[in-house]
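Line order of the protein sequences matches chains A and B. Residue numbers 300 to 886, in the working numbering, belong to the letters of the first sequence in order. Residue numbers 300 to 886, in the working numbering, belong to the letters of the second sequence in order. The structure appears right after this line, and notes come after that.
There are 2 protein chains.
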Amino acid sequence: MDEKFENSVGIVETRIKRVVDEKETLKLVSGKTLSCVDVAYETYGKLSESGDNVILVCHALSGSAHAAGYNSLNDKKPGWWDNMIGPGKAIDTDKYYIICSNFLGSCCGTTGPCGINPKTGTPYNLDFPLITISDMVKVQKLLLDKLGIKQLLSVVGGSMGGMQVLQWTIEYPEFVKSAVVIASTSRLGPQSIAFDAVGRNAILADIEAGRPPHKGLATARMIGHITYLSQESMREKFGRVLRDSDKYSYDFSSEFSVETYLNHQGQSFIERFDANSYLYITKAMDYFDLERDFGSLQNAFARTKSKFLIVSFSSDWLFTPGQSEEIVNALVALRKPVSYCNIYSPYGHDAFLLEPDTLGRLLNGFLSTSFEKPKLDKIARYEIKGIEKIKRLRVDYELIESLIKPDSRVLDVGCGDGMLLLNLQYDKNIDAEGIEVDQELVIKCANKGLDIIHRDIERGLEHYPDKCFDYAILSQTLQTLKNPHIVFKELLRVADKVIVSFPNFAYWKCRAGLFFDGRAPRTKQLPFRWYDTPNIHFMSLKDFDDFCEEIGAKIEKKIPLIGNRLSPVRFAPNIFAEQAIYLTSRK
Amino acid sequence: MDEKFENSVGIVETRIKRVVDEKETLKLVSGKTLSCVDVAYETYGKLSESGDNVILVCHALSGSAHAAGYNSLNDKKPGWWDNMIGPGKAIDTDKYYIICSNFLGSCCGTTGPCGINPKTGTPYNLDFPLITISDMVKVQKLLLDKLGIKQLLSVVGGSMGGMQVLQWTIEYPEFVKSAVVIASTSRLGPQSIAFDAVGRNAILADIEAGRPPHKGLATARMIGHITYLSQESMREKFGRVLRDSDKYSYDFSSEFSVETYLNHQGQSFIERFDANSYLYITKAMDYFDLERDFGSLQNAFARTKSKFLIVSFSSDWLFTPGQSEEIVNALVALRKPVSYCNIYSPYGHDAFLLEPDTLGRLLNGFLSTSFEKPKLDKIARYEIKGIEKIKRLRVDYELIESLIKPDSRVLDVGCGDGMLLLNLQYDKNIDAEGIEVDQELVIKCANKGLDIIHRDIERGLEHYPDKCFDYAILSQTLQTLKNPHIVFKELLRVADKVIVSFPNFAYWKCRAGLFFDGRAPRTKQLPFRWYDTPNIHFMSLKDFDDFCEEIGAKIEKKIPLIGNRLSPVRFAPNIFAEQAIYLTSRK
């Protein structure tokens with residue numbers, strides 16, 4: 300076997316299934332109908348006996364059913380997502396049964412404008428009816444029905460594939476156990492519509508003039524490619540390098556290597572893609588608008604039953620992190636199970652194909668914990684490592700656990716690797732949600748099957764409704780925030796009770812240090828130097844008491860602590876406590 | 300008079316001057332030559348007797364010589380920069396004599412591809428030689444020579460106009476007293492080249508097919524317009540609103556209002572602009588590359604004598620703030636007089652035409668202080684207002700002044716409204732530079748004629764060479780920084796001596812407050828509450844002594860202070876001083 304087949308699904312065949320025959324009609328959103336609809340699809344892995352391991356992969360604009368492996372021994376390149384789908388890979392073919400189908404309107408096997416119109420016996424071309432993402436998903440569902448699939452473990456898709464995923468969760472809520480939406484949006488903004496429109500204009504100008512729309516399609520593809528890359532990645536990839544000279548040619552040839560690259564992309568696209576399909580697909584993207592269809596994003600997601608993973612990439616300016624956050628905010632406001640990670644990447648929108656490591660670890664964790672609930676290793680449960688060790692002490696964890704009632708809804712703000720939430724899930728059967736700013740810790744939480752939102756808490760919690768949690772936890776984090784008072788007040792709004800723990804700056808060693816030594820104090824709880832400490836606010840128990848009084852918070856319980864002792868400090872706690880845990884609520 | 304003529308230069312005439320006659324030749328950078336070169340230009344205001352009030356305005360891609368006023372009574376719109384040029388406006392026609400000329404290669408009066416080739420008697424079209432920014436500037440200089448202009452008070456230009464400004468300062472260093480470069484760059488990045496190339500491709504495809512290049516030019520203009528706006532401003536302006544229906548049309552017509560807008564922009568551009576000019580001008584932009592021409596940006600600016608003002612806009616993604624900063628960094632490294640402001644604006648690249656208030660105040664201050672050195676009002680000199688009052692105490696100012704030797708080079712980091720630097724300029728004749736993060740304070744400094752860089756000091760000083768200042772001042776700022784140790788070490792690198800002042804956290808009232816009261820101390824110097832204080836690090840004189848020892852800094856002078864007394868605290872300063880000023884240097 301060729302070494303290209305290592306970790307590959309090997310040779311795969313693209314199959315065609317007729318999902319609407321000549322006697323049936325498929326009703327489209329536009330009101331038009333279609334007969335004789337064929338769907339091209341590929342499958343990888345084995346269907347389990349109970350049929351619980353099916354993952355549907357939805358492709359993007361110019362993709363096809365050929366997502367992994369090779370269609371023939373001579374193929375130079377594997378399928379478009381081969382770095383994610385295969386034995387032992389993130390979407391593991393040893394474990395899951397994966398289906399990828401070409402969507403309606405495309406030109407890679409499924410019925411589209413270049414297919415034969417049964418009424419005329421000639422290709423549809425521009426007589427093909429306009430289609431929508433919803434139509435595409437409907438056709439995918441017909442395929443799954445024909446294949447006898449009863450439920451999807453997950454629907455996964457990037458870019459326009461993510462739009463299909465969102466539509467799936469809304470139209471077939473019972474059918475979709477989990478959903479992964481990568482670098483996508485619930486609706487394009489005007490800039491993306493504008494780029495699409497310029498590309499279509501170029502194609503339509505050719506068609507109107509009676510020319511084959513080659514130049515137009517190439518122009519559209521060139522514009523597309525610019526939007527798939529980030530400025531940073533373009534600078535790195537091309538810079539201002541000239542193609543084959545170090546001198547300017549002083550003519551209008553393509554002399555910068557970025558020009559040559561785009562020309563090549565445009566030309567090779569003409570050879571493999573149909574200009575009419577490009578018109579229909581971009582229009583379907585422009586039309587996709589869940590806010591419009593349902594009145595609001597929250598309405599759109601109101602009846603979904605899936606567990607969501609939303610992923611964006613930091614440098615993606617076509618489908619921006621902000622657009623992913625809109626989806627996350629709507630789901631969060633509905634208290635639907637959702638995780639979100641904004642992966643740091645320089646590769647722009649293309650990152651969804653180019654970050655197999657980070658994206659892979661995230662996806663792998665999310666899919667496998669969706670498949671099987673993870674087991675908690677009782678021994679490992681309180682092993683807290685590295686920076687976590689400094690941030691939280693074991694005693695802090697245990698006492699916080701003791702304050703929380705079973706079966707409650709808990710938000711852990713700055714939840715780290717998620718150990719506290721995981722323990723609470725096992726011991727108290729809580730409904731858990733975490734917020735964490737560090738990408739690697741977010742991935743760790745996702746691998747524990749936790750709902751985790753990748754966010755800087757100081758950017759606000761305005762999308763959470765009032766009182767949507769029973770408890771919010773802010774463990775050893777308050778003193779590291781820029782605006783601790785704003786965050787604390789917001790937590791009092793979104794949760795019935797807020798549990799907060801922080802080091803006591805009026806602990807006697809601190810007082811003595813400053814009073815007698817005249818230096819910024821350093822203790823076990825405050826081990827940093829004045830200039831490199833993450834603790835940028837200092838408060839004592841008295842300060843915090845005053846603060847609660849001032850903002851109208853009720854202190855329900857106050858547990859001053861010293862060392863690893865679980866029993867509270869009773870005498871002069873503002874002097875003898877090293878840290879404290881407060882249980883507070885709104886008056 | 301029509302009310303549109305209020306604050307307007309009124310009716311102006313575009314004149315034509317032949318700067319290269321039929322017997323002369325203009326040698327171009329490409330090696331080709333031109334004869335019979337005409338230049339279209341307009342002037343506003345009056346030339347002063349000494350000729351010291353001339354401002355040259357350079358226009359952008361699709362601009363013309365008609366920058367202000369009206370060419371006829373019936374004109375609906377004034378010149379392209381009428382909101383900046385006029386009586387009492389930022390570029391004040393009551394004070395200055397302003398010249399704006401159409402550049403070589405354009406189609407608005409100056410010789411270009413649509414002009415007549417004297418050799419053939421027919422239009423040049425694509426026989427016109429390729430031109431560069433340097434060629435354009437050469438032709439502008441020929442015009443000024445013909446007009447008898449001996450020196451420019453300033454050259455001002457935005458976007459591609461800014462490229463011409465940069466070229467002016469390099470090619471005619473003695474001629475240009477000051478230079479204003481707005482939303483521009485020393486070289487386009489690959490993304491901008493790519494957008495230009497796609498536009499040119501569309502035009503050239505028409506030309507190759509023997510068609511009038513209307514569709515191509517419209518495509519190019521549509522792409523251009525997308526890049527001039529920000530995503531944010533497009534969302535605000537267009538959203539996803541449909542042109543004239545609330546229902547999708549399910550066809551390929553332009554139904555989103557952003558599509559209609561772009562179509563309109565494309566169509567109206569065809570009527571007023573020449574496709575060949577578009578090819579030549581965008582190519583001149585692509586070719587502009589000061590790094591390439593001179594080996595490095597620092598080499599490029601090595602012999603400039605102008606005072607610079609560089610302006611960028613926060614949401615400009617075509618000519619990014621980062622690109623402006625590259626220019627600033629090169630000038631800063633050469634210790635050339637330069638000011639920089641990154642104006643907060645949602646309008647993208649177009650902001651250079653749409654922010655007359657902010658840009659106007661900045662420009663007005665820079666131009667008037669370039670024209671006349673500002674006078675210091677002796678009474679007002681120590682009147683410190685608002686937040687400044689909290690940040691700096693008078694005594695702090697006076698003592699810092701006393702530490703600085705006359706005629707030295709001084710960097711004030713976090714310089715506020717620039718009062719300290721201004722006083723030092725008058726009293727000690729220093730060479731001053733300020734760094735400030737607040738936009739409004741930056742504008743205030745520019746209005747005092749100070750060299751001021753708009754920057755967050757925590758982003759680093761790596762572009763300043765070692766020991767390029769005699770003194771760096773960090774007055775009441777150290778404790779507000781995220782990484783005070785990194786900033787302080789950098790200052791020790793760039794300056795011979797660093798003067799730093801900060802509140803003493805071990806002042807007896809602080810000690811007593813914490814020790815006896817058990818609360819985060821509040822004093823006159825530390826008046827904030829624990830949660831909303833800008834002071835995120837606390838250190839005592841002893842802490843700072845230890846720190847200097849640790850990083851190898853020498854304390855040359857230490858002035859512990861109490862209240863408004865100018866005399867230092869002699870006894871137990873770490874207890875009795877409220878604040879301290881240190882004069883430090885590298886060991």
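Note that the Cβ used here is the ideal one computed from N, Cα and C, for glycine as well.
In chain A, which residues lie with their C-beta within 8 Å of the C-beta of B/Gly817?
Result: Ala805, Arg810, Ser839, Leu840, Lys841, Asn873, Ile874.
Run down chain A in chain order and give the residues with a C-beta less than 9 Å from the C-beta of B/Ser361.
Correct list: empty, because the minimum Cβ distance to chain A is about 17 Å.
How many Å lie between B/Lys262 and B/Ile448 at the Cα?
Residue 262 of chain B falls outside the range modelled here, since chain B spans only 300 to 886, and no answer is possible.
Note down, in chain order, every chain B residue with its Cβ under 7 Å from the Cβ of A/Gly538.
Correct list: Pro489.
Out of B/Trp616, B/Ala574, B/Trp379, which has the shortest C-alpha to C-alpha gap to B/Ser363?
If we check each option's Cα against that of B/Ser363, B/Trp379 comes out closest.
Kindly indicate if chain A contains any beta-carbon less than 7 Å away from that of B/Arg602.
Taking Cβ atoms only, chain A never reaches closer than 7 Å to B/Arg602, which makes this a no.
So which residues of chain A does B/Asp550 contact, with C-beta pairs closer than 8 Å?
What B/Asp550 touches in chain A: Leu429.
Quick check on A/Thr518 - is its C-beta less than 7 Å from some C-beta in chain B?
A/Thr518 counts as touching chain B.
What does A/Leu773 pair with, by DSSP beta-bridge criteria?
In DSSP, A/Leu773 forms a bridge with A/Val799.
According to a CB-to-CB cut-off of less than 8 Å, which residues of the segment 338-355 of chain A neighbour chain B?
Listed in sequence order: no entries.
Do the segment 569-584 of chain B and the segment 516-535 of chain A meet, that is, are 3 or more Cβ pairs less than 8 Å apart?
As far as the Cβ criterion goes, the segment 569-584 of chain B does not touch the segment 516-535 of chain A, which means the pair count is below three.
Less than 8 Å between the CB atoms is what I'm expecting for A/Val610 and A/Ile569, so what's the real figure, rounded?
Going by Cβ atoms, the distance from A/Val610 to A/Ile569 rounds to 32 Å, so no, they are not a contact pair.
Indicate the three-state DSSP secondary structure (helix, strand or coil) for B/Leu503 in the structure shown.
Helix at B/Leu503.
Which one of B/Thr409, B/Thr324, B/Lys345 has the shortest CA to CA distance from B/Val308?
Among B/Thr409, B/Thr324, B/Lys345, the Cα nearest to that of B/Val308 is on B/Lys345.
Is there a Cβ of chain B sitting closer than 7 Å to that of A/Met462, yes or no?
By this cut-off, A/Met462 is not an interface position.
Excluding the 5 residues flanking B/Gly759 on each side, which residues of the same chain have their C-beta closer than 6 Å to its C-beta?
Answer for B/Gly759: no residue qualifies.
Is any heavy atom in the ligand NAP found nearer than 6 Å to the beta carbon of B/Asp816?
Ligands in the displayed structure: none, and consequently the ligand NAP is not present.
So, helix, strand or coil for A/Phe474, using DSSP?
Coil at A/Phe474, not helix or strand.
With distances taken Cα to Cα, identify the nearest neighbour of A/Lys437 among A/Phe618, A/Ile415, A/Ile742, A/Ser400.
Nearest of A/Phe618, A/Ile415, A/Ile742, A/Ser400 to A/Lys437, Cα basis: A/Ser400.
Excluding the 5 residues preceding and the 5 following B/Asp730 in the sequence, name in chain order all residues of the same chain whose CB lies nearer than 6 Å to its CB.
Excluding positions up to five away in sequence, the list reads Arg708.
Determine, using beta carbons only, whether A/Met521 comes closer than 7 Å to chain B.
Closer than 7 Å: yes.
Considering only the beta carbon of each residue, do A/Asp337 and A/Thr392 sit closer than 7 Å?
No, they are not a contact pair.
If you measure from the beta carbon of B/Ala493 to each beta carbon in chain A, is any gap under 7 Å?
Output row for B/Ala493: interface = yes.
Is it right to say B/Asp842 is buried, meaning 16 or more other beta carbons lie within 10 angstroms of its own, or is it exposed?
When all chains shown are included, B/Asp842 counts as buried.
For B/Arg534, decide whether its Cβ has a neighbour in chain A, counting only Cβ atoms nearer than 7 Å.
Chain A contact via Cβ: present.
What separation, rounded to the nearest whole angstrom, lies between the Cα atoms of B/Phe815 and B/Lys823?
If I take the Cα positions, the gap works out to 19 Å.
Going by beta-carbon coordinates alone, are A/Ser889 and A/Ser614 separated by less than 7 Å?
Absent from the model: residue 889 of chain A. The displayed extent of chain A is 300 to 886, so no value can be given.
Can you give me the C-alpha to C-alpha distance between A/Ile689 and A/Gly812, rounded to a whole angstrom?
At A/Ile689 the pLDDT is 42, less than 50, meaning the model places this residue with poor confidence; the figure from the coordinates comes in the next sentence. Distance between the alpha carbons of A/Ile689 and A/Gly812: 21 Å.
For B/Arg864, which option in B/Leu666, B/Ile880, B/Ile785 has the closest C-alpha, if you only look at C-alpha atoms?
The option with the nearest alpha carbon to B/Arg864 is B/Ile880.
Mind checking B/Phe537: buried by the 16 CB within 10 Å criterion, or exposed?
Buried, by the Cβ-count rule.
7 Å is my cut-off, CB to CB: does B/Trp467 come that close to chain A?
Answer no: the Cβ-Cβ gap between B/Trp467 and chain A never drops below 7 Å.
Touch check for the segment 739-757 of chain B and the segment 625-639 of chain B: three-plus C-beta pairs under 8 Å?
Verdict: yes, contact present.
Are the segment 382-390 of chain B and the segment 355-370 of chain B touching by the rule of at least three beta carbon pairs closer than 8 Å?
The segment 382-390 of chain B, when compared against the segment 355-370 of chain B, does touch it at the 8 Å Cβ threshold.
Go ahead and label B/Tyr725 buried or exposed: buried means 16 or more other beta carbons lie within 10 angstroms of its beta carbon, across all protein chains shown.
Its Cβ having fewer than 16 others within 10 Å, B/Tyr725 is exposed.
Taking just the CA atoms, how far does B/Ala519 sit from B/Pro826?
Approximately 58 Å, taken between the alpha carbons.
Taking 8 Å as the threshold, find out whether the segment 579-593 of chain A comes into contact with the segment 416-432 of chain A through three or more Cβ pairs.
Contact holds: three or more Cβ-Cβ distances are below 8 Å.
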